[in-house]
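J.:
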Amino acid sequence: MRIRPASTVTSALVGASLGALAVLSSLGLTTPAALAAEDTAVRASHDPVVIGHRGLPSEAPENTLASIDRASKKGVRWVENDVQRTKDGALIVMHDTTLERTTDAKQRYPRRAPWKVSDFTLAEIEKLDAGSWFDRRFTGERVPTLDRYLRRVDHNRQKLLLEMKAPELYPGIERQIVDGLRRAGWLDQRHVQGGLVVQSFNATSLKTLHHLRPDLKEGFLGAPKATELRSYAAFVDQINPSYEKVTPTWVRAVHALKGPHGRRLEISAWTVDDGDRAVALARLGVDGIISNSAHDIADALDEDSDDPSFLSDSDQDTDVQTGTDLFGSALPSLRKAP
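Here the sequence shown stands for residues -36 to -1, 1 to 302, numbered as in mature numbering (1 follows the signal peptide of the UniProt record, and there is no 0).
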């Protein structure tokens, strides 16, 4: 296998793992022989799934239908969004727990500070302009309900990384999300086994969701220590850290474990908008990259994969493992909760 000289970013990340081989062995996560084989050079490049962070916010207002439509036109097949609950119990797509940054709530409701999502009804939120702050071309864009968002993602033939945003603020939202997914037709085999991942920073909420729907694929947002990973593997299929937390040793620790569906844990790093950094992460073996400019990151990864100086055709056949296979493959069937 021929390996090109590593970029500066890649070299720094790989260098950080030198002398750390004994760590994983001491944790019982892998063998010294396997680690030595992997550390003979930079890991073979693979193509992670590239996920549009809140759609394509570099070109359209985040977490709107316009944003995922723009992502679709650019060929972005996976999109990420955040779900929260209104005062009267409706599920909407919104990242911030307050409304003023991405809508005209401050102007429309000047006496309602601090404009918390949970202090407004759906009818009030549906009056807000969620697009003009980004560009006047998007004036009149609305905050979508989860149901409308799910149906548009389906219409676009996209796949979804759904974040439960601050679920501690919304008791019982896990069951409500399950009900919403069911109503929108997202709990069938096609979606559950190849087109949906639910993630959160809140491990307790993820455990609750896993109890309700053990067939759902879940991801924990964060970078637990290697010694803590096994406990997460009992209920999540992915560990999704900030890219700054990703090191070769940590990637190996995650990949050494299997999640609740019997497949090795995956890693989706966020938020990556630099092509060289994305290439470095791909060479370290991450399975997904979440980006505000997903189409540009995909182009950078494609260019890196196509470079003939990296791997010969025969080497690619045997050594390259694609993130698409990991995300798109069917999970073993588990009993569905009633």
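Ideal Cβ placement from N, Cα and C applies to all residues, glycine included.
Whose C-alpha, out of His17, Phe102, Lys70, Arg100, is nearest the C-alpha of Ile89?
T.: Ranking the options by Cα distance to Ile89, first place goes to Lys70.
J.: For a test of the three-state rule: what should DSSP assign to Ala233, helix, strand or coil?
T.: strand
J.: Whose C-beta lies closer than 6 Å to the C-beta of Arg228 among residues of the same chain, with five residues either side of it excluded?
T.: Result list for Arg228: His219, Lys222, in chain order.
J.: Have a look at Phe84 and Ile137 and give me their C-alpha separation to the nearest angstrom.
T.: 17 Å
J.: In or out: Ser36 buried (at least 16 other Cβ within 10 Å) or exposed?
T.: buried
J.: Checking 8 Å against the spacing of the C-beta atoms, do Asp62 and Lys80 come in under that value?
T.: The sequence shown places Thr at residue 62, not Asp. Yes.
J.: Mind pulling the beta strand (DSSP E) runs of 3 or more residues that sit fully within the region 115 to 198?
T.: 123 to 128, 160 to 164, 182 to 185
J.: Please name the residue or residues paired with Gln48 in a DSSP beta bridge.
T.: Ile56
J.: Take every Cβ of the region 139 to 158, pair it with every Cβ of the region 89 to 98, and state whether three or more of those distances are shorter than 8 Å.
T.: The region 89 to 98 and the region 139 to 158 do not touch, with fewer than three beta-carbon pairs separated by less than 8 Å.
J.: Since Gly16 is in the beta strand (DSSP E), which residue starts that stretch and which ends it?
T.: 13 to 17
J.: Assign Arg34 to buried or exposed, taking buried as 16 or more other Cβ atoms, counted over all protein chains shown, within 10 Å of its Cβ.
T.: buried
J.: In terms of residue numbering, what span does the beta strand (DSSP E) encompassing Gly252 cover?
T.: Per DSSP, Gly252 belongs to the beta strand (DSSP E) from 252 to 255.
J.: Taking 8 Å as the limit between beta carbons, can you name the residues of its chain near Ile203, skipping five residues before and five after?
T.: Gly183, Phe184, Gly186, Ala187, Pro188, Leu193, Tyr196, Val218, Leu229, Glu230, Ile231
J.: Tell me whether the beta-carbon of Leu173 lies closer than 8 Å to the beta-carbon of Pro12.
T.: Taking C-beta atoms as the reference points, Leu173 and Pro12 fail to come closer than 8 Å.
J.: Which whole-angstrom value describes the C-beta separation of Thr50 and Leu20, a residue pair presumed to lie in contact below a C-beta threshold of 8 Å?
T.: Not quite, the Cβ-Cβ distance comes to about 25 Å (not below 8 Å), so this is no contact.
J.: Does the distance from the C-beta atom of Asn45 to that of Leu126 stay below 8 Å?
T.: yes
J.: Checking 8 Å against the spacing of the C-beta atoms, do Ser255 and Val236 come in under that value?
T.: yes
J.: Out of Thr191, Val250, Asp238, His175, which has the shortest C-alpha to C-alpha gap to Pro212?
T.: Val250
J.: Leaving aside the five residues before and after Ile261 along the sequence, list all residues of the same chain whose C-beta is less than 8 Å from its C-beta, in chain order.
T.: Counting only Cβ-Cβ distances below 8 Å, and skipping sequence neighbours, we find Val14, Val236, Asp237, Gly239, Ala242, Ile253, Ser255.
J.: Assuming contact is defined by CB atoms lying nearer than 8 Å, are Pro108 and Leu180 in contact in what I supplied?
T.: For the pair Pro108 and Leu180, the CB atoms are not nearer than the 8 Å cut-off.
J.: When burial is assigned at 16 or more other CB atoms within 10 Å of the CB, is Gly149 buried or exposed?
T.: exposed
J.: What does the alpha-carbon distance come out to for the pair Leu275 and Asp263?
T.: Reliability of the predicted coordinates at Leu275 is poor, the pLDDT of 44 falling under 50, and the value obtained from them is presented with this limitation in mind. Distance between the alpha carbons of Leu275 and Asp263: 18 Å.
J.: To the nearest angstrom, report how far apart Asp99 and Arg65 are at their CA atoms.
T.: 14 Å
J.: Alpha carbons only, please: which of Leu160, His259, Phe199 is nearest the one belonging to residue 321?
T.: Since the first residue of the chain shown is -36 and the last is 302, residue 321 is not available in this structure.
J.: When burial is assigned at 16 or more other CB atoms within 10 Å of the CB, is Thr191 buried or exposed?
T.: exposed
J.: For Lys123, count neighbouring C-beta atoms within 10 Å of its own C-beta (all shown protein chains included) and say buried if the count is 16 or more, exposed if not.
T.: buried
J.: Our contact map puts Ile56 next to Asn120 with C-beta atoms below 8 Å; I'd like the distance itself, whole angstroms only.
T.: Not quite, the Cβ-Cβ distance comes to about 19 Å (not below 8 Å), so this is no contact.
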